[in-house]
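Asker: Mind having a look at this structure? Questions to follow.
Numbering (the working numbering), first residue to last: 1 to 405.
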């Protein structure tokens, strides 16, 4: 070996180049990262941007939950590894919550899985119960991160169109029979992101019948389950007779208790799906920091007064935004839940060109509907996550563009 080679090895050797795996290369682009960059670039110009494009809760976690977390963090036993498959006390609290709120009976040991946020469960489930090449059904438009699970599991994707004339519920009778025959898993999300649509008991009954007939597992993303308007509480899929035979529901503390950064949630329902989640998490995680799980118990066991106050705030904001939008001739879809408004794009614009125009000319940020799938074309999503006066100001700025004559 010559002297230069020895020196090169001594100094660290030859740099190796590592490429991302094909699986990672096939992951979808992060839609929200692009949106945030556009907004930040506009802010950097000194503009006073009214950001209606975000989906991050703006209110703090309730004090009683924070206090519980502080107390639990000080307990040395909580500094150790968490129990695999979650704290039994949190599982019992989740089961009791479903019994109390929805009249649904769940076995805490077999029908509850603890998650580090519901996104983890939604992304990991396809490669926990499907094989590469299997087919799953996703709503269009829908939460973009569902696509991550498709890519990681290397499964085939078929879309279920959500149309306004059907209240943004999938029409199972319109699906191609060959696709239905191939499908093994489907995702739903009500109250819906991005549309704010809500499901009915009748729709869930149709879903159970459809799933049973075609041997399709159902995952109902219940992230916005606490947020219903006009005196109507959102329906849980698990309230439907036969629901546990065909599927599960994913719940999170992010929206109900403003605990988005805490990363805690759970799945409930079909025991086989729950076991698959637990098994894959045995290999990926050692559950969630115990103090967070204890604080989550406090949240579930509370009287839910903080949740009711939060829902009232979102409904007030929705009504304020709807009033301001209608005053300029911008007619919204009448959302029944979540903290979003689904707004039509004026003639002559695409979802993206309209969103770009509002940001550039009015310093108002909205999320283009196509960020949620091709079915979102013709709409933008507005987040009800700012103070009410800013909704009026945003609509006044938009009115100056004379788009809704």
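Idealized CB from N, CA, C, for every residue including glycine.
As the structure is a prediction and not an experimental result, all values here were calculated from the model.
Terminal residues of the continuous alpha helix (DSSP H) containing residue 41?
Answerer: Run containing residue 41: 31-44, per the alpha helix (DSSP H) assignment.
Asker: Hey, would you say residue 368 sits closer than 9 Å to residue 382, going by beta carbons?
Answerer: no
Asker: For the beta strand (DSSP E) that residue 121 lies in, which residues bound it at each end?
Answerer: Segment 118-124 is the alpha helix (DSSP H) holding residue 121; no beta strand (DSSP E) there.
Asker: Any idea if residue 87 is buried or exposed, counting beta-carbon neighbours within 10 angstroms, 16 or more meaning buried?
Answerer: buried
Asker: Which residue marks the beginning of the beta strand (DSSP E) containing residue 381, and which one marks its end?
Answerer: 379-383
Asker: Grab me the residues of residue 263's own chain with a C-beta within less than 6 Å of its C-beta, minus the 5 sequence neighbours each way, in chain order.
Answerer: 116, 117
Asker: Comparing alpha-carbon positions, which option in 385, 321, 360, 347 lies nearest residue 405?
Answerer: 347
Asker: Suppose contacts are defined by Cβ-Cβ distances below 9 Å. Is residue 428 in contact with residue 91 by that definition?
Answerer: Residue 428 lies beyond the residue range present for the chain, which begins at 1 and ends at 405; the question has no answer from this structure.
Asker: Go ahead and label residue 132 buried or exposed: buried means 16 or more other beta carbons lie within 10 angstroms of its beta carbon, across all protein chains shown.
Answerer: exposed
Asker: Measure the CB-CB distance between residue 335 and residue 342 and report whether it falls below 9 Å.
Answerer: yes
Asker: Using DSSP's beta-bridge definition, name the partner residues of residue 251.
Answerer: 266
Asker: So, under 8 Å CB-CB, residue 128 and residue 276 are touching, yes? Tell me the CB distance rounded to an integer number of Å.
Answerer: 4 Å
Asker: If we count the other Cβ atoms within 10 Å of its Cβ and call it buried at 16 or more, is residue 23 buried or exposed?
Answerer: exposed
Asker: In the DSSP assignment, find the alpha helix (DSSP H) that holds residue 113 and state where it starts and stops.
Answerer: No alpha helix (DSSP H) contains residue 113, which is instead part of the beta strand (DSSP E) from 112-115.
Asker: Any contact of the region 152-172 with the region 300-315, i.e. 3+ C-beta pairs under 8 Å?
Answerer: no
Asker: Quick check on residue 226: does DSSP put it in helix, strand or coil?
Answerer: In the three-state reduction of the DSSP assignment, residue 226 falls in the coil class, being assigned neither a helical nor a strand state.
Asker: Quick one: using the 10 Å Cβ neighbour count with 16 as the cut-off for buried, is residue 201 buried or exposed?
Answerer: By the 16-neighbour rule on beta-carbons within 10 angstroms, residue 201 is exposed.
Asker: Smallest Cα separation from residue 370: which of 143, 189, 188?
Answerer: 143
Asker: Am I right that residue 248 and residue 223 are in contact with their C-beta atoms under 8 Å? What's the rounded C-beta distance?
Answerer: At roughly 14 Å, the Cβ-Cβ gap does not stay under 8 Å, so residue 248 and residue 223 are not in contact.
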